[in-house]
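Novice:
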Amino acid sequence: LLEKMADVSLKEAALIVGVVAACYWNSLFCGFVFDDVSAILDNKDLHPSTPLKNLFQNDFWGTPMSEERSHKSYRPLTVLTFRLNYLFSELNAVSYHFLNLVFHVVVCIIFLKVCKLFLDNRSSIVASLLFAVHPIHTEAVTGVVGRAELLSSIFFLAAFLSYTKSKGPDNTIVWTPIAVTVFLVAVATLCKEQGITVVGICCVYEVFIAQGYTLPALLDTAVQILRGKGSIPFSMLQTLLKLIVLMFSTLLLVVVRVQVIQSQLPVFTRFDNPAAVSPSPARQLTFNYLLPVNAWLLLNPSELCCDWTMGTIPLVESLLDVRNVATLTFFCFLGSLMVFSLRYPGDSSKTVLMALCLIVLPFIPASNLFFPVGFVVAERVLYVPSMGFCILVAHGWKKLSNKSVLRKISWVCLAAVLFTHALKTLHRNWDWESEYTLFMSALKVNKNNAKLWNNVGHALENEKNFERALQFFIQATQVQPDDIGAHMNVGRTYKNLNKTKEAEESYMIAKSLMPQVISNFIYHHRTEPVFVIHFFVFFSVALYLIRTNESRLEEADQLYRQAISMRPDFKQAYISR
Numbered sequence: 001l002l003e004k005m006a007d008v009s010l011k012e013a014a015l016i017v018g019v020v021a022a023c024y025w026n027s028l029f030c031g032f033v034f035d036d037v038s039a040i041l042d043n044k045d046l047h048p049s050t051p052l053k054n055l056f057q058n059d060f061w062g063t064p065m066s067e068e069r070s071h072k073s074y075r076p077l078t079v080l081t082f083r084l085n086y087l088f089s090e091l092n093a094v095s096y097h098f099l100n101l102v103f104h105v106v107v108c109i110i111f112l113k114v115c116k117l118f119l120d121n122r123s124s125i126v127a128s129l130l131f132a133v134h135p136i137h138t139e140a141v142t143g144v145v146g147r148a149e150l151l152s153s154i155f156f157l158a159a160f161l162s163y164t165k166s167k168g169p170d171n172t173i174v175w176t177p178i179a180v181t182v183f184l185v186a187v188a189t190l191c192k193e194q195g196i197t198v199v200g201i202c203c204v205y206e207v208f209i210a211q212g213y214t215l216p217a218l219l220d221t222a223v224q225i226l227r228g229k230g231s232i233p234f235s236m237l238q239t240l241l242k243l244i245v246l247m248f249s250t251l252l253l254v255v256v257r258v259q260v261i262q263s264q265l266p267v268f269t270r271f272d273n274p275a276a277v278s279p280s281p282a283r284q285l286t287f288n289y290l291l292p293v294n295a296w297l298l299l300n301p302s303e304l305c306c307d308w309t310m311g312t313i314p315l316v317e318s319l320l321d322v323r324n325v326a327t328l329t330f331f332c333f334l335g336s337l338m339v340f341s342l343r344y345p346g347d348s349s350k351t352v353l354m355a356l357c358l359i360v361l362p363f364i365p366a367s368n369l370f371f372p373v374g375f376v377v378a379e380r381v382l383y384v385p386s387m388g389f390c391i392l393v394a395h396g397w398k399k400l401s402n403k404s405v406l407r408k409i410s411w412v413c414l415a416a417v418l419f420t421h422a423l424k425t426l427h428r429n430w431d432w433e434s435e436y437t438l439f440m441s442a443l444k445v446n447k448n449n450a451k452l453w454n455n456v457g458h459a460l461e462n463e464k465n466f467e468r469a470l471q472f473f474i475q476a477t478q479v480q481p482d483d484i485g486a487h488m489n490v491g492r493t494y495k496n497l498n499k500t501k502e503a504e505e506s507y508m509i510a511k512s513l514m515p516q517v518i519s520n521f522i523y524h525h526r527t528e529p530v531f532v533i534h535f536f537v538f539f540s541v542a543l544y545l546i547r548t549n550e551s552r553l554e555e556a557d558q559l560y561r562q563a564i565s566m567r568p569d570f571k572q573a574y575i576s577r
């Protein structure tokens with residue numbers, strides 16, 4: 001019965017294809033921007049001349065996993081699809097964007113199939129349409145590197161659908177769907193790391209949906225067994241067996257993943273994620289505050305930004321900070337939904353429970369709560385959690401539309417939300433047309449991120465518009481005075497404008513901001529990423545001093561010595577010296 005209900009008709013699929021096409025047709029006119037440059041344009045793993053085995057030895061950006069500068073993002077199957085794009089159209093951006101659009105359609109159709117397990121047909125279509133048009137997805141769909149989210153989601157949902165077929169007649173275990181689930185989880189994880197979280201959703205589904213337990217019933221059974229007044233029911237033993245198989249398989253995947261990254265987590269700078277290097281309680285308060293920030297982006301995606309690093313969200317440094325009210329409100333609302341879904345039986349509580357699982361579990365790897373990540377907020381990681389959000393909204397809408405008094409207004413509100421979201425998505429796609437349009441749109445939302453000012457400057461610099469580029473680079477130094485890269489950008493632009501004195505002043509400011517070099521200490525990528533990122537400060541200043549005034553060779557030589565003392569393996573410094 002469940003399988004028949006979960007079938008997606010041709011009309012429903014055609015509706016989704018039409019809506020997605022209407023929202024994302026203009027994404028085909030966008031180029032390669034932001035992270036696409038590193039993952040596509042600069043990634044040699046896409047070239048047919050590169051051996052296929054390299055895809056399974058390198059990270060998402062084409063850097064060998066064994067190297068300390070590797071980002072440790074292991075997504076070989078996603079890179080393989082980029083390579084197929086390259087094979088057919090090389091670096092023609094249209095084919096890359098078209099394939100992303102197709103993958104988004106596939107995700108929406110599979111999501112509709114999942115919705116039909118927990119919602120009626122009408123509400124399922126509402127949830128799927130809301131997911132299809134939600135503006136938060138533009139980063140994942142219109143940004144080419146967002147394909148990792150799309151591919152992972154396809155196999156994520158397919159793994160869950162496979163697991164729902166593991167319960168046979170009379171509560172028997174059907175092992176084939178479980179084996180398929182484990183395989184699909186592995187594939188999802190090879191597309192993007194969060195794919196592994198579907199195992200947690202399968203476990204919750206098994207206990208509370210397939211077996212129909214509630215939390216009080218489970219606690220009561222456990223108490224009875226501990227008191228010796230009863231034995232473990234056979235159905236519960238079967239459930240435990242399935243969960244053990246799932247968890248053991250997941251553990252194996254985690255062990256393999258840890259081996260692949262050489263038991264090393266990537267190192268990020270304080271500019272990437274300021275809260276990660278902040279002392280307590282600022283770190284905990286900020287990370288917890290980021291949860292309602294992400295929830296607000298799902299509720300009100302009016303102000304979207306491609307980069308939320310650096311000073312975008314100021315640290316929450318005190319318990320008296322008014323933003324803690326948002327954190328408290330968020331946890332109270334989430335807690336009340338969890339109590340309702342776990343305590344009470346019935347279809348409504350089951351729907352809410354599965355929606356919460358889809359929101360919470362896939363978001364955990366990006367939450368900063370267990371280990372730091374290289375960003376503060378990233379809209380692309382909300383792709384899967386938004387599925388749970390859409391189910392919750394559709395379920396709430398169903399409750400309202402069933403009341404005769406609110407029926408008409410609920411339909412009007414739904415139509416308004418779908419229409420405005422679709423328009424916002426269509427408009428947002430144009431922001432991804434070029435690096436200049438993308439970063440300028442981000443500056444409208446957030447003016448406290450020096451990285452955005454720098455990136456607009458780089459875009460103008462590439463167009464040889466040095467005068468305007470200089471304005472943005474100078475603004476970056478004012479927003480983040482200790483940003484070495486920003487001062488280097490100012491110096492380089494002054495040099496391009498033949499303003500020798502100003503260029504040297506900027507270079508020297510950048511040099512002065514470098515941390516004090518420790519004698520006889522060799523700096524590595526992982527221990528001091530700041531040194532690696534801005535290592536060429538010394539190199540650039542030395543070259544500049546030589547080119548502008550040959551009488552300052554000794555000064556240039558001293559800078560090369562400093563560079564070599566920091567990185568004795570820096571061959572170019574020896575050659576230039």
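If you count by UniProt numbering, then the sequence shown holds residues 1 to 577, one letter each, in order.
Every residue gets a Cβ at the ideal spot worked out from N, C-alpha and C, and that includes glycine.
Below 8 Å on the Cβ atoms is my guess for Ser153 versus Val384; work out the distance and round it to an integer in Å.
Specialist: Counting from one through the sequence shown, the residue named residue 153 turns up at place 153. Counting from one through the sequence shown, the residue named residue 384 turns up at place 384. So it is a contact: roughly 6 Å between Cβ atoms.
Novice: Please determine if the region 307-319 and the region 179-198 are in contact, where contact requires at least 3 C-beta pairs separated by less than 8 Å.
Specialist: no
Novice: Given that a residue counts as buried once 16 or more other Cβ atoms are within 10 Å of its Cβ, and exposed if not, what is Gly62?
Specialist: Counting from one through the sequence shown, the residue named residue 62 turns up at place 62. Per the 10 Å Cβ criterion, buried.
Novice: Go ahead and pull the three-state DSSP assignment for Gln475.
Specialist: The residue given as residue 475 occupies position 475 in the sequence shown. Three-state DSSP puts Gln475 in a helix.
Novice: Assuming Thr142 and Trp432 are in contact, meaning their beta carbons sit under 8 Å apart, how far apart are those beta carbons, in whole angstroms?
Specialist: Counting from one through the sequence shown, the residue named residue 142 turns up at place 142. Counting from one through the sequence shown, the residue named residue 432 turns up at place 432. With a Cβ gap of about 4 Å, Thr142 and Trp432 count as contacting.
Novice: Does the region 349-364 come close enough to the region 372-391 that 3 or more CB-CB pairs lie under 8 Å?
Specialist: yes
Novice: Is Lys116 helix, strand or coil by DSSP?
Specialist: Start at 1 with the first residue of the sequence shown, and residue 116 comes out as number 116. Three-state result, Lys116: coil.
Novice: Taking only runs that begin and end inside the region 335-383, name each unbroken alpha helix (DSSP H) of 4 or more residues, in chain order.
Specialist: 347-360
Novice: Excluding sequence positions up to five away, which residues of its chain have a Cβ less than 7 Å from the Cβ of Phe160?
Specialist: Counting from one through the sequence shown, the residue named residue 160 turns up at place 160. So the list reads Val114, Val198, Ile201 and Cys202, once near-sequence residues are dropped.
Novice: Specify, as a first and last residue, the run of the alpha helix (DSSP H) that Gln572 falls within.
Specialist: As a first step, residue 572 is located in the sequence shown; it is residue number 572 there, counting from the start. Where Gln572 is concerned, the enclosing alpha helix (DSSP H) stretches over Lys571 to Ser576.
Novice: Could you give the distance in angstroms between the alpha-carbon of Cys191 and the alpha-carbon of Val258?
Specialist: On the sequence shown, position 191 is the one that residue 191 refers to. On the sequence shown, position 258 is the one that residue 258 refers to. Each residue's alpha carbon lies about 16 Å from the other.
Novice: Within 10 angstroms of its Cβ, does Thr176 collect 16 or more other Cβ (buried), or is it exposed?
Specialist: Your numbering for residue 176 matches position 176 in the sequence shown. Thr176 should be labelled exposed.
Novice: Are there three or more Cβ pairs, one per stretch, closer than 8 Å when the region 209-219 is compared with the region 384-393?
Specialist: no
Novice: Where DSSP assigns a beta bridge to Lys53, which residues make up the other side?
Specialist: Residue numbering aside, residue 53 sits at position 53 when the sequence shown is read from its first letter. Answer by DSSP bridge pairing: none, since Lys53 is not bridged.
Novice: Between Leu341 and the rest of its own chain, which residues show a CB-CB distance below 7 Å, the 5 nearest in sequence each way excluded?
Specialist: In the sequence shown, the residue the question calls residue 341 occupies position 341. It is worth fixing the name first, because residue 341 is Ser in this sequence and not Leu. Excluding the 5 residues flanking it on each side, Ser341 has same chain C-beta neighbours closer than 7 Å at Ser349, Val352, Leu353 and Leu356, in chain order.
Novice: Kindly indicate which three-state DSSP category Val530 falls into: helix, strand or coil?
Specialist: Here the question's residue 530 lines up with position 530 in the sequence shown. Residue confidence is low: Val530 scores 47 on pLDDT, short of 50, so the model does not pin down where it sits. Its coordinate-derived value is still stated next. Note: Val530 maps to helix in three-state DSSP.
Novice: Inspect the beta-carbon positions of Thr312 and Asn446 and report whether they are closer than 9 Å.
Specialist: Here residue 312 refers to the residue found at position 312 when the sequence shown is read from its first residue. Here residue 446 refers to the residue found at position 446 when the sequence shown is read from its first residue. A contact, by the Cβ cut-off of 9 Å.
Novice: Note down, in chain order, each residue of its chain lying with its Cβ closer than 7 Å to the Cβ of Leu297, except the 5 sequence neighbours on either side.
Specialist: For the purposes of this step, residue 297 is identified with residue 297 of the sequence shown, where counting begins at 1. Ile136, Glu379 and Leu382, listed in sequence order.
Novice: Alpha helix (DSSP H) containing Val490: first to last residue?
Specialist: Translated into positions along the sequence shown, residue 490 becomes position 490. Note, Val490: alpha helix (DSSP H), Ile484 to Asn496.
Novice: Do Leu470 and Tyr494 have their C-beta atoms closer together than 9 Å?
Specialist: Position 470 of the sequence shown, counting from 1, holds the residue named residue 470. Position 494 of the sequence shown, counting from 1, holds the residue named residue 494. Cβ distance < 9 Å, so Leu470 and Tyr494 count as in contact.
Novice: Quick one: Cα of Glu90 to Cα of Asp36, how far?
Specialist: Counting from one through the sequence shown, the residue named residue 90 turns up at place 90. Counting from one through the sequence shown, the residue named residue 36 turns up at place 36. Here the C-alpha atom of Glu90 lies approximately 14 Å from the C-alpha atom of Asp36.
Novice: Bridge partners of Lys167, per DSSP?
Specialist: Translated into positions along the sequence shown, residue 167 becomes position 167. DSSP output for Lys167 lists Ile173 as bridge partner(s).
Novice: How about Pro372 and Leu315: are their beta carbons less than 9 Å apart?
Specialist: By one-based count along the sequence shown, residue 372 stands at place 372. By one-based count along the sequence shown, residue 315 stands at place 315. No, the pair does not count as a contact, with Cβ atoms beyond the cut-off.
Novice: When you compare the CB positions of Ala450 and Ala476, do they come within less than 9 Å of one another, or not?
Specialist: Reading the sequence shown from its first residue, position 450 is the one you call residue 450. Reading the sequence shown from its first residue, position 476 is the one you call residue 476. Yes. Within cutoff.
Novice: Since Pro76 sits in a beta bridge, which residues does DSSP pair it with?
Specialist: For the purposes of this step, residue 76 is identified with residue 76 of the sequence shown, where counting begins at 1. Answer is none; Pro76 lacks a bridge partner.
Novice: Taking the runs of the alpha helix (DSSP H) that are 4 residues or longer, which of them lie wholly in the region 274-322?
Specialist: 282-299, all fully within the region 274-322.
Novice: Please report the straight-line C-alpha distance between Leu438 and Val207, rounded to a whole angstrom.
Specialist: In the sequence shown, residue 438 corresponds to position 438, counting from 1. In the sequence shown, residue 207 corresponds to position 207, counting from 1. Distance between the alpha carbons of Leu438 and Val207 is about 45 Å.
Novice: By the DSSP assignment, the alpha helix (DSSP H) with Glu554 in it spans what residues?
Specialist: Counting from one through the sequence shown, the residue named residue 554 turns up at place 554. Per DSSP, Glu554 belongs to the alpha helix (DSSP H) from Leu553 to Met566.
Novice: In the region 172-232, which residue ranges form an unbroken alpha helix (DSSP H) of at least 4 residues, counting only runs that do not cross its ends?
Specialist: Within the region 172-232, the complete alpha helix (DSSP H) segments of 4 residues or longer fall at 175-191, 198-204 and 215-226, listed in chain order.
Novice: Quick check: Leu112 and Lys398, are their CB atoms within less than 9 Å of each other?
Specialist: As a first step, residue 112 is located in the sequence shown; it is residue number 112 there, counting from the start. As a first step, residue 398 is located in the sequence shown; it is residue number 398 there, counting from the start. Against a cut-off of 9 Å, the Cβ pair of Lys398 and Leu112 comes out as no contact.
Novice: Output yes or no for whether 9 Å exceeds the beta carbon distance between Pro292 and Ala326.
Specialist: In the sequence shown, residue 292 corresponds to position 292, counting from 1. In the sequence shown, residue 326 corresponds to position 326, counting from 1. The answer is yes: Cβ separation under 9 Å.
Novice: For the alpha helix (DSSP H) holding Val393, just list the boundary residues, first then last.
Specialist: Here residue 393 corresponds to residue number 393 of the sequence shown, with the count starting at 1. Pro385 to Ser401 is the extent of the alpha helix (DSSP H) around Val393.
Novice: My understanding is that Leu46 touches Phe88, with C-beta atoms under 8 Å, so please give their C-beta distance in whole angstroms.
Specialist: Residue numbering aside, residue 46 sits at position 46 when the sequence shown is read from its first letter. Residue numbering aside, residue 88 sits at position 88 when the sequence shown is read from its first letter. Not really, about 12 Å apart at Cβ, beyond 8 Å.
Novice: Short of 6 Å in beta carbon distance, which residues of its chain neighbour Arg283, apart from the five on each side in sequence? Order them along the chain.
Specialist: On the sequence shown, position 283 is the one that residue 283 refers to. So the qualifying residues of the chain are Ala275.
Novice: Identify whether Asn324 lies in helix, strand or coil by the three-state DSSP scheme.
Specialist: Along the sequence shown, read from residue 1 onward, the residue named residue 324 stands at position 324. Note: Asn324 maps to helix in three-state DSSP.
Novice: Thinking Val144 and Phe29 are a contact (beta carbons under 8 Å), I'd like their distance in whole angstroms, please.
Specialist: As a first step, residue 144 must be located in the sequence shown, where it is residue number 144. As a first step, residue 29 must be located in the sequence shown, where it is residue number 29. That pair is no contact at about 13 Å.
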